[in-house]
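Data block below; observations after.
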Amino acid sequence: MDSEKALYLGLMSGTSADGIDAALVRFSEGKPHLQAAHNLPWPADLRAQILALAQGNEPLDLDTFGRLDVRIGHCFADAALALLQHSGTAASDVRAIGSHGQTMRHRPSGPHPFTLQLGDPTVIAERCGIDVVADFRRADVAAGGQGAPLLPAVHVMLLGRPGRARVVLNLGGIANITVLGADGSVLGFDTGPANGLLDAWCQRHRGEAYDRDGAFAASGRVHPALLQALLDDPYFALAPPKSTGREYFHLAWLDGHLQQAAIDPADVQATLLELSARSVVTAIDRRAASAGEVLACGGGVHNGALMHRLAELLAPRAFFSTAREGVDPDYLEATAFAWLARQRVLGLPGNLPAVTGARGLRVLGALHAAPVNDAPAG
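For the sequence shown, numbering that gives the first Met the number 0 assigns the number 0 to the initial residue and increments by one for each residue that follows.
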């Protein structure tokens, strides 16, 4: 049985694979409150492998798949244990861990839709001595949904305001928006790339994992023909519900548009930043025209050039970080997976069918019990 005093721990690594976010969350009247947080960077070799596999650039046999699943699970356990240590929290004080895992494929359309996240939850449960809830997306996909985004339910609780239309913009590897209607309605979907292509292009041409503050993009100029070719991709015209990932918007996708022209790498980076900003704003214009506020979260809030361009395109709407409303933009996703773990423990649904397109409400995630009468492995 759950207690309002129980803590939950959320673990999240997004499509950027820039690190594992761990959030320790307490609940009051069902509402999550972040108590402590920690970020654990991926080992460089593992991050490189994850990104290559996510883009379909590396073959994966079953033995490699199994080893990778376990190794990622150990990294998630490391992140959880580090948070417990840094916050002075005993494992016995945590009711459950919600682990998103690392998405390797997300194919919610076609004759056999599926979504795949790695990070063996039994490893996490064994090492931490805490029940683990994982595999959150497949139940929604099985019910005909996209399996994403899952954050809008938490956005409503933390950032919804009665009578006010606003948008929550999550700038991860992929950008997604939650449209919070003044009438209480909720819509959410992936708009397209945010940081993912920017990071990949920066890694290729600068040897750096990401474009710090958007400096590389700011050094170039937008290439109009390339921008239009990218924006002509059919994904942007699709109506929601819809979701996507790095397996679609990756460097091979970009390279296909670069074959006919020699463009300076800095100009390509500038064009990719404009693509991220334009696709986000077009989606908001189409689906949230009455919203007067856009609240940003995710790693992209630290890209000054991207935030500045979004502010320009979104004007006269107010545009600001969720931090202004007391919600940490870096740990909102991890907080959401702590909430999803609690929903599973209580046997309550975690999806919003109006967002994902599922046939109905579903209890999400599979529960993996901690070892009994054994100390955690650590």
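Cβ coordinates follow ideal geometry from the N, Cα and C atoms, glycine included.
Chain-order list of residues whose beta-carbon lies under 7 Å from that of residue i (same chain, five-residue window excluded)
i: Arg378; result: Absent from the structure is residue 378, since the part of the chain shown begins at 0 and ends at 377.
i: Ala282; result: Ile176 and Thr190
i: Ile337; result: According to the sequence displayed, residue 337 carries Ala and not Ile. If we look at Ala337 and ignore the five residues flanking it on each side, its Cβ neighbours are Tyr7, Leu8, Gly9, Ala22, Val24, Pro31 and Gly97.
i: Leu50; result: Ala16
Which residues DSSP lists as bridging residue i, in chain order
i: Gly9; result: Ala22 and Gly97
i: Pro31; result: Phe26
i: Asn302; result: Answer by DSSP bridge pairing: none, since Asn302 is not bridged.
i: Thr102; result: Gln116
i: Val178; result: Val166 and Leu186
i: His37; result: Ala21
i: Val131; result: Ile96 and His367
i: Glu311; result: None; Glu311 has no bridge partner.
i: Ala295; result: Leu168 and Ser320
i: Ile173; result: Pro192
With 16 other Cβ atoms within 10 Å as the buried cut-off, status of residue i
i: Lys30; result: exposed
i: Asn372; result: exposed
i: His99; result: buried
i: Pro110; result: exposed
i: Arg66; result: exposed
i: His249; result: buried
i: Gly146; result: buried
i: Ser275; result: buried
i: Ala152; result: buried
i: Gln101; result: buried
i: Arg94; result: buried
i: Pro315; result: exposed
i: Gln258; result: exposed
i: Gln48; result: buried
i: Ala260; result: exposed
i: Asp130; result: buried
i: Gly183; result: exposed
i: Pro389; result: Here the chain has residues from 0 to 377 only, and residue 389 is not among them.
Neighbourhood of residue i by C-beta, 6 Å cutoff - its chain only, sequence neighbours within 5 removed
i: Thr121; result: His367
i: His37; result: Ala21, Ala81, Leu82 and His85
i: Arg341; result: Tyr7
i: Ala287; result: Val166 and Val178
i: Gly219; result: Ala265, Asp266, Gln268 and Ala269
i: Phe135; result: Leu339, Leu363 and Gly364
i: Gly128; result: Ala90, Ala369 and Pro375
i: Glu311; result: none
i: Ala138; result: Arg361 and Leu363
i: Pro239; result: Phe188
i: Pro148; result: Asn175 and Gly187
Limits of the unbroken beta strand (DSSP E) element including residue i
i: Pro315; result: Careful: Pro315 lies outside any beta strand (DSSP E) and carries neither H nor E.
i: Leu115; result: Phe113 to Leu117
i: Leu366; result: Ala365 to His367
Continuous alpha helix (DSSP H) stretch holding residue i: start and end
i: Pro151; result: Pro151 to Leu158
i: Asp189; result: That residue, Asp189, is in no alpha helix (DSSP H); its beta strand (DSSP E) goes Val185 to Pro192.
i: Val279; result: Pro264 to Arg286
i: Val362; result: First-last for Val362: undefined, no H or E at that position.
i: Ser86; result: Leu61 to Ser86
i: Arg341; result: Leu331 to Val344
i: Asp44; result: Ala43 to Ala53
i: Asp254; result: Leu250 to Leu257
i: Asp232; result: Per DSSP, Asp232 belongs to no alpha helix (DSSP H) and is neither H nor E.
i: Thr355; result: Pro352 to Thr355
i: Ala217; result: Ala214 to Ala217
i: Ala138; result: Arg137 to Ala141
Cβ separation of residue i and residue j, assumed to be a contact under 8 Å, to the nearest whole Å
i: Ser242; j: His105; result: 7 Å
i: Leu150; j: Glu332; result: 6 Å
i: Gly180; j: Asn302; result: That belief does not hold up - the Cβ atoms of Gly180 and Asn302 are roughly 28 Å apart, past 8 Å.
i: Asp68; j: Leu117; result: 5 Å
i: Leu158; j: Glu273; result: Going by Cβ atoms, the distance from Leu158 to Glu273 rounds to 27 Å, so no, they are not a contact pair.
i: Arg126; j: Ala76; result: 4 Å
i: His256; j: Leu225; result: 6 Å
i: Leu237; j: Val354; result: That pair is no contact at about 15 Å.
i: Ala290; j: Ala164; result: 4 Å
Same chain only: Cβ atoms within 8 Å of residue i, ignoring 5 sequence neighbours per side
i: Pro328; result: Ala295, Cys296, Gly297, Val300, Ser320, Thr321 and Ala322
i: Gly18; result: Ser12, Asn38, Leu39, Pro40 and Trp41
i: Gly346; result: Val362
i: Arg358; result: Ala142, Gly143, Gly144 and Pro352
i: Leu313; result: Val280, Ile283 and Val293
i: Met0; result: Note that Met0 has pLDDT 48, beneath the 50 cutoff, so the model's placement of it is unreliable and the number below is only indicative. Within the same chain, Met0 has no close Cβ partners at all.
Residue i at chain C interface by Cβ criterion, 8 Å
i: Gly13; result: Although the question refers to chain C, the structure presented lacks it and comprises just one protein chain.
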